[in-house]
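Sequential numbering of the sequence shown, starting at 0, is according to numbering that gives the first Met the number 0. Heads up, the beta-carbon is just placed ideally off N, CA and C, and yes, glycines get one too. Notes to accompany the following structure.
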Amino acid sequence: MEMQGVTYSVSQINGLAGAMGELADRVQDVAGRYDTTSAATCTALSDDDYGRGYWQKNGPRLEAIGLGLRLLVQAAQREEGRLSLASFTYGQADPGH
């Protein structure tokens, strides 16, 4: 398969799909740990004025980081699906591979 002047084999596309799936899994793990840690931090800091002030000031930024991680997981999963479909389609179109 050639795209923008670069030739890809079915095995290369499969490798890319696998790597994207692995990336999605790892980032999903990080996102889960981040959410757990963030929630624990919020709970730990909410007992006094300093903690509430810290969370009020930094909470939106920390929530945005969590959202960014979740969006990255979704994008990697979507790309894995696209690459898998491209590999399947390429394999069907070129029986010699």
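Check, Outcome
"Cβ of alanine 63 within 7 angstroms of Cβ of methionine 19?", "no"
"Where do the N-terminal and C-terminal ends of the alpha helix (DSSP H) with aspartate 28 fall, by residue?", "9-44"
"Would you kindly work out how many angstroms separate the C-alpha atoms of glutamine 73 and serine 45, rounded to a whole number?", "31 angstroms"
"Taking only the alpha-carbon atoms, compute the straight-line gap between leucine 66 and isoleucine 12 and give it to the nearest angstrom.", "29 angstroms"
"Using a threshold of 7 angstroms, state whether the C-beta atoms of leucine 68 and serine 37 are closer than that.", "no"
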